[in-house]
Amino acid sequence: MEHLVIAIDGPGGSGKTTVSRALAKALGVAHLDTGAFYRAVTLAALRAGLSAPSDLAALAERIDLRYEDGHMYLDGEDVCEAIRSEAVNAFVSVVSAEPAVRRAMVERQRRWVEEHGNRAVVEGRDIGTVVFPHAELKIFLVARPEIRASRRAHELDSPGVENVKQDLARRDHLDSSRAVSPLSPAEDAVTLDTSDVTVPDVVEHILTLL
128 MEHLVIAIDG
138 PGGSGKTTVS
148 RALAKALGVA
158 HLDTGAFYRA
168 VTLAALRAGL
178 SAPSDLAALA
188 ERIDLRYEDG
198 HMYLDGEDVC
208 EAIRSEAVNA
218 FVSVVSAEPA
228 VRRAMVERQR
238 RWVEEHGNRA
248 VVEGRDIGTV
258 VFPHAELKIF
268 LVARPEIRAS
278 RRAHELDSPG
288 VENVKQDLAR
298 RDHLDSSRAV
308 SPLSPAEDAV
318 TLDTSDVTVP
328 DVVEHILTLL
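Going from the sequence shown to the working numbering is simple: count from 1 and add 127.
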């Protein structure tokens, strides 16, 4: 098919990034982590000491963001590691809840996919409901809280699984209750539980849905 946009949504630690990258590789299409955009804006806001909604909105429009080969560049700087810091984790839900920030990022994300021939696996928290509501396939990944916490703790190289579990619960609440683009599966999304299955098995299952 000429257009092939696969939207992969779900909460933190559900396996979005790992599955999305593997799926994109299997299909030979581009991969976009939309969360990296919000994390980059958050990092820029922290560095500039900004938190007011109007300041965040202006910042989102002003900064130069480039996503290439799995790396996010903020004003030319590779911030792939910096955007995964605990400081960014703690503030990203606040930044991403701002309507003006979301509008600016959605526009950038849609443009990125267009520039890649409208053939991409796109992951994020509102991909199937807002960013690409007409995607050819929508997947919503879930996993048990303890599994999600263990994965995220490993990603952060943090021994405090219980603290990570609490942070994820807080993020879930913020994401699910925000006024704009709350975390929820699209009506036509296929929900997959990744708790007890391998990444190759998840990818294989998704491929059968195309």
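Beta carbons: idealized from backbone N, C-alpha and C, even for Gly.
- Around the beta carbon of E225, 16 or more other beta carbons sit within 10 angstroms, so the residue counts as buried.
- The secondary-structure analysis by DSSP pairs Y165 with nothing; it has no beta-bridge partner.
- With 16 or more other Cβ atoms from the protein chains shown falling within 10 Å of its own Cβ, L201 counts as buried.
- Excluding its 5 nearest sequence neighbours in each direction, L183 has C-beta neighbours in its own chain below 8 Å: V168, A172, L177, V222, E225, A227, V228, listed in chain order.
- Exposed is the label assigned to T318, since fewer than 16 other Cβ atoms lie within 10 Å of its Cβ.
- Ranking D323, H332, E331 by CA distance to the CA of S141 puts D323 first.
- Secondary structure note for T335: its alpha helix (DSSP H) is the uninterrupted segment 326-335.
- About 17 Å separates the Cβ atoms of V269 and L150, ruling out a contact at the 8 Å cut-off.
- For the pair R237 and N245, the Cα-to-Cα distance works out to about 9 Å.
- The continuous alpha helix (DSSP H) containing I274 extends over residues 272-283.
- A direct Cα-Cα distance of roughly 22 Å separates A313 from A231.
- The alpha-carbon of R193 is positioned some 27 Å away from that of A280.
- Straight across, the Cα-Cα distance linking E289 with H130 is about 42 Å.
- Judged by their CB atoms, F259 and A316 are not nearer to each other than the 7 Å cut-off.
- Per DSSP, the beta bridge partners of M199 are Y194.
- R189 sits exposed, since fewer than 16 C-beta atoms from the chains shown fall within 10 Å of its C-beta.
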